[in-house]
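Engineer: Below you'll find the structure I mean.
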Amino acid sequence: MKLAFFFTAILLLLPVVFFLLNKATRRHSSDILPPGSLGIPIIGHSVAFNRARKANRIEKWIEDRANKYGPVSKLTLFGIPTVFIHGQAANKFVFNSYGTLNTQRPRAMSKIVGETMMLELGGEDHKRVKGAIMTFLKPEALKQYVGKIDGEVREHLGLHWQGKPEVTVVPLIKK
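All letters in the sequence shown, in the order written, are residues 0 to 174 by numbering that gives the first Met the number 0.
Right, here's the structure in full:
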């Protein structure tokens, strides 16, 4: 009788102990993770991401995510837990990494974003591409481009937009 009572008590207390240990472990590990939800296991946020991509609203999806969780958050895309970084901090992080990032993008993501993205480059290739991009993005260089861009835009608007009651934009963008 005493032995049955002992086993019953252990069986009742064991789930409580596991629950408390799990809760204590989770609290500690979540302190070092960025905010955000990982979504449904395996699927994560892939459905919402693809829906936004197909509707050509990926910028809004990114902005909504950044507004909700901040410039750094966690999510699951295509079955892989991912850290999402947005804004100036993201650009600075990528440009200053010098190819030291360990990226593990799934094939589906590579098809969407592109195989030759700067994050995929390493070492000397990363430095070379960064140097080329930074040359074009310096304030002095941008000042030179503004006049030419302004002229091109004005010419384009005059040829394709001015005096028309309706303008089909997508074919003009693809030119």
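By construction, the Cβ of each residue, glycine as well, lies at the ideal position given by its N, Cα and C atoms. Fair warning: this is a prediction, and the values are worked out from it, not measured in the lab.
(1) How many Å lie between K147 and L37 at the Cα?
(2) Using 8 angstroms as the cut-off, can you tell me whether the region 69-87 makes contact with the region 31-48, which would need three or more C-beta pairs spanning the two stretches below that distance?
(3) Determine the burial state of L12: buried for a count of at least 16 other Cβ atoms within 10 Å of its Cβ, exposed for fewer.
(4) Determine the extent of the beta strand (DSSP E) in which K73 is found, giving its start and end residues.
(5) May I ask you to report which of helix, strand or coil DSSP gives G43?
(6) Checking 9 angstroms against the spacing of the C-beta atoms, do G69 and I41 come in under that value?
(7) Could you have a look at I84 and say whether DSSP puts it in helix, strand or coil?
(8) List the endpoints of the continuous alpha helix (DSSP H) containing K147.
(9) Between which two residues does the alpha helix (DSSP H) carrying A65 extend?
(10) DSSP puts I79 in a beta bridge; with which residues?
(11) With C-beta atoms as the reference, is V71 less than 9 angstroms away from A47?
(12) Please report the distance separating the alpha-carbon of N49 from that of K67.
(13) Is the beta carbon of T75 closer than 9 angstroms to that of I31?
(14) Taking buried to mean at least 16 other C-beta atoms within 10 Å of its own C-beta, is H44 buried or exposed?
(15) Please state the DSSP three-state secondary structure of A3.
(16) Would you kindly work out how many angstroms separate the C-alpha atoms of G122 and K73, rounded to a whole number?
(17) Can you tell which of K129, L158, V152, Y144 has the C-alpha that lies nearest to the C-alpha of F92?
(18) Can you tell me whether K163 is helix, strand or coil according to DSSP?
(19) How about A65 and I57: are their beta carbons less than 9 angstroms apart?
Structural biologist: Let's see:
(1) Here residue 147 corresponds to residue number 148 of the sequence shown, with the count starting at 1. Here residue 37 corresponds to residue number 38 of the sequence shown, with the count starting at 1. Each residue's Cα considered, the two are about 45 angstroms apart.
(2) yes
(3) Here residue 12 refers to the residue found at position 13 of the sequence shown. With fewer than 16 Cβ atoms within 10 Å of its Cβ, L12 is classed as exposed.
(4) Taking the first residue of the sequence shown as position 1, residue 73 is located at position 74. Segment 71-76, the beta strand (DSSP E) holding K73.
(5) As a working mapping, residue 43 is identified with position 44 in the sequence shown. The answer is strand: DSSP assigns G43 an E or B state.
(6) Sequence index remark: in the sequence shown, residue 69 carries index 70 (1-based). Sequence index remark: in the sequence shown, residue 41 carries index 42 (1-based). Not in contact: G69 and I41 (Cβ atoms no closer than 9 angstroms).
(7) For the purposes of this step, residue 84 is taken as residue 85 along the sequence shown, with counting starting at 1. Three-state DSSP puts I84 in a strand.
(8) Numbered from 1 along the sequence shown, position 148 holds the residue referred to as residue 147. 138-159 is the extent of the alpha helix (DSSP H) around K147.
(9) The residue labelled residue 65 in the question sits at position 66 within the sequence shown. First-last of the alpha helix (DSSP H) with A65: 57-68.
(10) Sequence index remark: in the sequence shown, residue 79 carries index 80 (1-based). BP columns for I79 point to L76.
(11) For the purposes of this step, residue 71 is taken as the residue at position 72 of the sequence shown. For the purposes of this step, residue 47 is taken as the residue at position 48 of the sequence shown. No.
(12) Within the sequence shown, the letter at position 50 stands for residue 49. Within the sequence shown, the letter at position 68 stands for residue 67. So the two alpha carbons sit approximately 19 angstroms from each other.
(13) Here residue 31 is taken as the residue at index 32 of the sequence shown, counted from 1. Here residue 75 is taken as the residue at index 76 of the sequence shown, counted from 1. No, these two residues do not count as a Cβ contact at 9 angstroms.
(14) Position 45 of the sequence shown, counted from the first residue, corresponds to residue 44. By the 10 Å Cβ count, H44 comes out buried.
(15) Here residue 3 is taken as the residue at index 4 of the sequence shown, counted from 1. Helix, per DSSP.
(16) Locating residue 122 in the sequence shown gives position 123, counting from the first residue. Locating residue 73 in the sequence shown gives position 74, counting from the first residue. Their Cα atoms are separated by approximately 27 angstroms.
(17) By 1-based counting over the sequence shown, the position of residue 92 is 93. Selected option, being the one with the closest Cα: K129.
(18) Stepping through the sequence shown from its first residue, residue 163 is reached at position 164. Coil at K163, not helix or strand.
(19) Counted from its first residue, the sequence shown places residue 65 at position 66. Counted from its first residue, the sequence shown places residue 57 at position 58. Against a cut-off of 9 angstroms, the Cβ pair of I57 and A65 comes out as no contact.
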